[in-house]
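Asks:
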Amino acid sequence: MSSHIFVGDFWTIWKVVPQTLGLSFLILILATLLGSLFWQIQESRHTAIKFLYHAFSSYFRGVPLLIHLLIFYYGLPIVIKALSDQFNWGVSTNQLNPIYAVIVSYTLYSASFLAEIIRGSFKSVGTDQLEAASALGYTGTQRFFAVWLPQALSEALPKILNYYTLLIRQLSLAFLVSVVDIFAKAKLETAANDRYIEAFCAAAIVYWILCVVLTLIFSKVEHYLRRYDRSVLA
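Going by full-length UniProt numbering, the first residue of the sequence shown is number 1, and it counts up by one from there.
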């Protein structure tokens, strides 16, 4: 193993860290918003809507992410072309950026998991606290923003942030559709210099550094939220 090649590969791979973090964060935000909508659907009284959601959730949670990615990679251009022809949009799908397939597939897949995190977090808030807020004259909106949302957020946010670290690692599958992340950059380095061990060890170190740093940051956030939660309960 050449230390010179390892160091060179490390810094080359490190250059794609910002775009890897940015893409993962965008997917996390979209998936969280969609997961919140799914939580509301789960609370719906309409049986048909709940059935459709459970079928959707079961499908996305039961099928490997790689399969979803490939379905959207090959299927998204077909759907867009059909809609373009139907409504005369004039959109060309010949040069459709594969990053759209990554965003759509990862967002839907992640939302099916984050919906359960969000639902569980809101369910964890004690009904006695909500009843106490009502007794103090809080309106439904005031009760939601002053009591329910802060405590549910303190419960959900650490889990959502931990999912973010998982999402960064899952993004390595995007290499198969030509989206460059940490793993993809390492693979490209092996093709350039035909040295595999240095590039993949460098990628492993980059992933490890990100995991350690993000875990420390998220631990601080969780500690702050727990302290805030105790102050609310007091």
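For every residue, glycine included, the Cβ atom is placed at its ideal position computed from N, Cα and C.
Here the structure is a predicted model, which means the values were calculated and not measured.
1. Can you tell me which of the three DSSP states Gly8 falls into?
2. Is DSSP giving Trp39 helix, strand or coil here?
3. Are the segment 123-143 and the segment 45-59 touching by the rule of at least three beta carbon pairs closer than 8 Å?
4. Using CA atoms only, rank isn't needed, just tell me which of Ser178, Phe113, Asp128 and Ile197 is closest to Leu161.
5. Residues in its own chain within less than 7 Å of Gln129 by CB, not counting five upstream and five downstream?
6. Does DSSP classify Arg45 as helix, strand or coil?
7. Reducing DSSP to helix, strand and coil, say where Arg119 ends up.
8. Could you compute how far the alpha carbon of His4 sits from the alpha carbon of Arg195?
9. With DSSP as the reference, label Tyr59 as helix, strand or coil.
10. Compute the beta-carbon to beta-carbon distance between Ile168 and Ser36, rounded to the nearest angstrom, for a pair I have assumed lies under 8 Å.
11. Out of Ala156, Gln95, Val206 and Val104, point me to the one whose CA is closest to Phe122's CA.
12. Within its chain, find whatever has a CB closer than 6 Å to the CB of Ser105; leave out the 5 residues flanking it on each side and keep chain order.
13. Going by C-alpha to C-alpha distance, which of Lys50, Ala199, Ile182 and Trp208 sits closest to Glu189?
14. Would you say the segment 168-182 touches the segment 28-43, given that touching needs at least three Cβ pairs under 8 Å?
15. Kindly list the residues whose CB is nearer than 8 Å to the CB of Tyr163, restricted to its own chain and excluding five residues on each side of it in sequence; keep chain order.
16. Buried or exposed: Ile13, going by 16 or more other Cβ atoms within 10 Å of its Cβ?
17. Taking 7 Å as the cut-off, decide whether the C-beta atoms of Ala202 and Phe6 are in contact.
18. So the alpha helix (DSSP H) Asn193 belongs to, where does it begin and stop?
19. CB-CB under 6 Å to Ser84, same chain, minus the five flanking residues each way: which ones, in chain order?
20. So, helix, strand or coil for Thr139, using DSSP?
21. Tell me the rounded alpha-carbon separation between Thr139 and Gln86.
Replies: The structure says:
1. Position 8 of the sequence shown, counted from the start, is the residue given in the question as residue 8. Here Gly8 sits in helix by DSSP.
2. Along the sequence shown, one-based indexing puts residue 39 at 39. DSSP places Trp39 in helix when its eight states are reduced to three.
3. No: fewer than three Cβ pairs fall under 8 Å.
4. To locate residue 161, count along the sequence shown from 1; it is residue 161. The closest CA to that of Leu161, considering only Ser178, Phe113, Asp128 and Ile197, is found on Phe113.
5. Position 129 of the sequence shown, counting from 1, holds the residue named residue 129. Excluding sequence neighbours, Gln129 sits near Val147.
6. As a first step, residue 45 is located in the sequence shown; it is residue number 45 there, counting from the start. Here Arg45 sits in coil by DSSP.
7. As a working mapping, residue 119 is identified with position 119 in the sequence shown. Looking at Arg119 - three-state DSSP - the assignment turns out to be helix.
8. Working through the sequence shown from its first residue, we reach residue 4 at position 4. Working through the sequence shown from its first residue, we reach residue 195 at position 195. Each residue's Cα considered, the two are about 12 Å apart.
9. By one-based count along the sequence shown, residue 59 stands at place 59. Tyr59 falls in the helix class under three-state DSSP.
10. Here the question's residue 168 lines up with position 168 in the sequence shown. Here the question's residue 36 lines up with position 36 in the sequence shown. Not a contact, Cβ separation roughly 22 Å.
11. On the sequence shown, position 122 is the one that residue 122 refers to. Among Ala156, Gln95, Val206 and Val104, the Cα nearest to that of Phe122 belongs to Ala156.
12. Taking the sequence shown and counting its residues from 1, the one referred to as residue 105 is at position 105. The beta carbon of Ser105 sits closer than 6 Å to the beta carbons of His68, Leu69 and Phe72 from its chain, once the five residues preceding and following it are set aside; these are given in chain order.
13. Mapped onto the sequence shown, residue 189 falls at position 189. Among Lys50, Ala199, Ile182 and Trp208, the Cα nearest to that of Glu189 belongs to Ala199.
14. Counting C-beta pairs closer than 8 Å gives fewer than three between the segment 168-182 and the segment 28-43, which falls short of the contact rule.
15. Position 163 of the sequence shown holds residue 163. For Tyr163, where only same-chain residues beyond five positions count, the Cβ hits under 8 Å are Leu28, Ser110, Phe113, Leu114 and Ile117.
16. In the sequence shown, residue 13 corresponds to position 13, counting from 1. With 16 or more Cβ atoms within 10 Å of its Cβ, Ile13 is classed as buried.
17. Position 202 of the sequence shown, counted from the first residue, corresponds to residue 202. Position 6 of the sequence shown, counted from the first residue, corresponds to residue 6. Judged by their CB atoms, Ala202 and Phe6 are nearer to each other than the 7 Å cut-off.
18. Indexing the sequence shown from 1 puts residue 193 at position 193. Ile182 to Asn193 is the span of the alpha helix (DSSP H), which, as asked, contains Asn193.
19. Position 84 of the sequence shown, counting from 1, holds the residue named residue 84. Closer than 6 Å at the Cβ level, and outside the excluded window around Ser84, lie Val91.
20. Taking the sequence shown and counting its residues from 1, one reaches residue 139 at position 139. In this structure, Thr139 counts as coil in the three-state DSSP scheme.
21. Locating residue 139 in the sequence shown gives position 139, where the first residue counts as 1. Locating residue 86 in the sequence shown gives position 86, where the first residue counts as 1. Within the model, the alpha-carbon separation for Thr139 versus Gln86 is close to 48 Å.
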